[in-house]
Amino acid sequence: MSIYLGFDASTQSLTAIAIEVTGSRRQVLLERTLGYDDALPGYGTRHGVLPNDDPLVATSSPRMWAEALDRMMGEIASSGLDLTRIRAISGSAQQHGSVYLNADAAPVIEQLDATRPLVEQIDRIFSRPDAPIWMDASTAAECAEITASVGGAAALARLTGSRAFERFTGPQIRRFARRDPTGYARTERIHLVSSFLASLLAGHHAPIDPGDGSGMNLMDITTRAWAPAALDATAPELLRRLPPLAPSWAVVGELAPYWQHRYGFPRARVIAWSGDNPCSLIGTGMVREGAIAISLGTSDTLFGLLHTPRIDPTGAGHVFGAPTGDYMSLVCCRNGSLAREQVRATFGLDWAGFSRGLRETPPGNGGAIMLPWFAPEITPPVIEAGVRRFALDPGNAAANVRAVVEAQMLALALHSRWMQVTVDTIYATGGAAANREILQVMADVHNAEVCQLAVGNSACLGAALRACHADRLADGDVPAWEDVIAGFVAPAAETRVRPVPAHVALYDDLARVYEAREAEALRRL
Ligand code: XUL
562 MSIYLGFDAS TQSLTAIAIE VTGSRRQVLL ERTLGYDDAL PGYGTRHGVL
612 PNDDPLVATS SPRMWAEALD RMMGEIASSG LDLTRIRAIS GSAQQHGSVY
662 LNADAAPVIE QLDATRPLVE QIDRIFSRPD APIWMDASTA AECAEITASV
712 GGAAALARLT GSRAFERFTG PQIRRFARRD PTGYARTERI HLVSSFLASL
762 LAGHHAPIDP GDGSGMNLMD ITTRAWAPAA LDATAPELLR RLPPLAPSWA
812 VVGELAPYWQ HRYGFPRARV IAWSGDNPCS LIGTGMVREG AIAISLGTSD
862 TLFGLLHTPR IDPTGAGHVF GAPTGDYMSL VCCRNGSLAR EQVRATFGLD
912 WAGFSRGLRE TPPGNGGAIM LPWFAPEITP PVIEAGVRRF ALDPGNAAAN
962 VRAVVEAQML ALALHSRWMQ VTVDTIYATG GAAANREILQ VMADVHNAEV
1012 CQLAVGNSAC LGAALRACHA DRLADGDVPA WEDVIAGFVA PAAETRVRPV
1062 PAHVALYDDL ARVYEAREAE ALRRL
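Numbering-wise (our numbering), the sequence shown opens with residue 562 and increments by one.
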């Protein structure tokens, strides 16, 4: 029996999933989550983000992520799971976030003392104490400078798969290098959240995979190598500070002695980590072109596999590397679960009350519309947050519940048109995918059947499946992706939600109104 371990270091929590793969016997053996705010309150995060007076700034604590990993490894070790059967470990992490390490990092993580907690030992390895994350919107000036220096937004998108985005790592690095030149000078290695955590597991600096590398505005999307023009436009002597790029299935090394001696883990293979969206692509079974998945998490994302890169001419979407070696298209809306949560909390509803609100209101909400920009939005780009309501009574709980969900689904549909995929089935994942009323709106807006997947955390499952795929490759087998995912990504029984033709027609009309309202609001910004 072989066991594969996958992690997902997301914005608000760390999840671990262990899967068993023995021929056709496939099952999830363990699934655990540790929420940062509650489990590690000493860091003072709220929804996984450090407080900051500037609403455009969003950072988190790499020490907290490391401590969460250490604690989770301890929990797995004492869970009764047969550790000796773990063959490989991989992970998924929130994309774009960057971790800045000094020259002490390499020797410290190579010689971790198994008798002391990890976090005590890594205290002095950071050249910057916090890590900017994907919710940060403070780098508009840096985006403009990088864009100008590579010859415009279209040129940067052709080169790296995306125009410059505030949350992408390149603009973040530029801002750090400019605001803290001494800190930048002391920086020996810049990791993504994914490669940082992989480094801690392997005990040496890990590479970045093309899935996460394409979220930086620094990687040539076609050659999957660092793009000199983008690096030069970003910060001085950047190349020597970046990890090498390696395929998503690269074996980074063996699990470091720290984990073996402290918790009794075996010398399992550590596989390159990737971003949560590339991992979700695998965990939702999107290994062929034509199907799409929607993940309703802290961010709401819509993505699908592409065999050849296709660039969004409107500049809203992204092309990332896929862990299969192909590409993936992605649209990301920042106002996902926190916007739903905000509406729920404003009206003092529980989640059952939220669902009731959707059941009690008609599709289309009688023409009432919300632009749900509770926080700065990524798609469409909105720096100055502010919710706009049209014909929507701000005091009507049920109407606001429907308005936020309809807005989220309409925005994803409008801003993914460039992908040119005719969607027949959508695979829904993430916490809010458990809500059938939300899935009904999704089905009606997209005119497609929606299935909810049996395993809710598809990014984490995707990481475990990638560990399995890479382990088999390293053993000389060339497994087909369909075979790797078989038995794990089946839709949960009875979850198929079908579009209602009358609602589809109604949302067709509403989409036009929503698009016009959105365009008008963007013009006024
Ligand atoms: C994707 C993005 C978010 C984060 C969330 O581009 O910014 O989906 O990956 O963890």
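Idealized CB from N, CA, C, for every residue including glycine.
Between Ala-763 and Val-831 a beta carbon distance of about 4 angstroms is seen, short of the 8 angstroms cut, so the two are scored as contacting.
Its Cα nearest to that of Thr-986, the residue Ile-853 stands out among Tyr-1068, Ile-853 and Ala-1066.
Inter-residue distance for Gly-851 and Asp-911 is about 36 angstroms (C-alpha atoms, whole angstroms). Rounded to whole angstroms, Ala-794 and Ser-809 show a C-alpha spacing of 26 angstroms. Within the same chain, Asp-861 come within 6 angstroms of Gln-969 by CB-CB distance, once the 5 residues on both sides are set aside. Taking 8 angstroms as the cut-off, the beta carbon of Gly-858 is found closer than this to the beta carbon of Gly-991.
With contact defined as three or more Cβ pairs closer than 8 angstroms, the stretch 863–872 and the stretch 1050–1059 are not in contact.
Around the Cβ of Met-696, a 10 Å sphere holds 16 or more other Cβ atoms; the residue is buried. For Leu-566, the enclosing beta strand (DSSP E) has its first and last residue at 563–570.
DSSP lists Leu-866 and Phe-881 as the beta-bridge partner residues of Met-889. The set of residues with CB atoms less than 7 angstroms from any heavy atom of the ligand XUL reads, in chain order, Ser-571, Thr-572, Gln-655, Gln-656, His-657, Trp-695, Arg-728, Gly-776, Gly-836, Asp-837, Asn-838, Gly-858, Thr-859, Ser-860, Thr-862, His-879, Leu-891, Cys-893 and Ile-939. Here Glu-1010 is bridged, per DSSP, to Thr-986. DSSP places Ile-580 in the strand class (E or B) of the three-state scheme. About 7 angstroms separates the beta carbon of Leu-591 from that of Ile-578, a gap short enough to meet the 8 angstroms contact definition.
In the DSSP assignment, His-1030 falls outside any beta strand (DSSP E) and lies within the alpha helix (DSSP H) extending over 1019–1035. For Leu-1083, the secondary structure class from DSSP, reduced to helix, strand or coil, is helix. Shown here, Arg-724 sits in coil according to DSSP, grouped into three states, outside any helix or strand.
Two segments are said to touch when three or more pairs of C-beta atoms, one from each, lie closer than 8 angstroms; by this definition the stretch 710–728 touches the stretch 787–802. For the 8 angstroms CB-CB criterion, Arg-895 and Pro-937 form a contact.
For Leu-792, the enclosing alpha helix (DSSP H) covers residues 789–795. Judged by beta-carbon spacing, Gly-652 lies within the 8 angstroms limit of Gly-567, meaning their Cβ atoms are closer than that value. The residue from Val-1039, Cys-893 and Ile-650 with its alpha-carbon nearest to that of Arg-728 is Cys-893. Taken atom to atom, the span from the alpha-carbon of Arg-607 to that of Glu-902 is near 13 angstroms. Under the three-state reduction of DSSP output, Ser-653 falls in the strand class.
Gly-596 has Ser-574 as its beta-bridge partners, per DSSP. In terms of Cα proximity to Glu-636, the closest of Ile-769, Leu-842 and Gly-825 is Gly-825. When the beta-carbon positions are compared, Asn-838 and Gln-1013 stay at least 8 angstroms from each other. Gly-814 carries a strand assignment under DSSP once its states are collapsed to helix, strand and coil. Taking a cut-off of 8 angstroms on C-beta distances, the stretch 568–577 touches the stretch 1018–1033, as three or more cross pairs fall below it. Non-local beta-carbon contacts of Leu-891 in its own chain, meaning distances under 8 angstroms to residues more than five positions away in sequence, involve Asn-838, Thr-862, Leu-863, Phe-864, Gly-878, His-879, Val-880 and Phe-881 in chain order. By the criterion of a C-beta distance shorter than 6 angstroms, Thr-576 is surrounded in its chain by Asp-569, Thr-594, Asn-1018 and Cys-1021, once the five residues flanking it on both sides are discounted.
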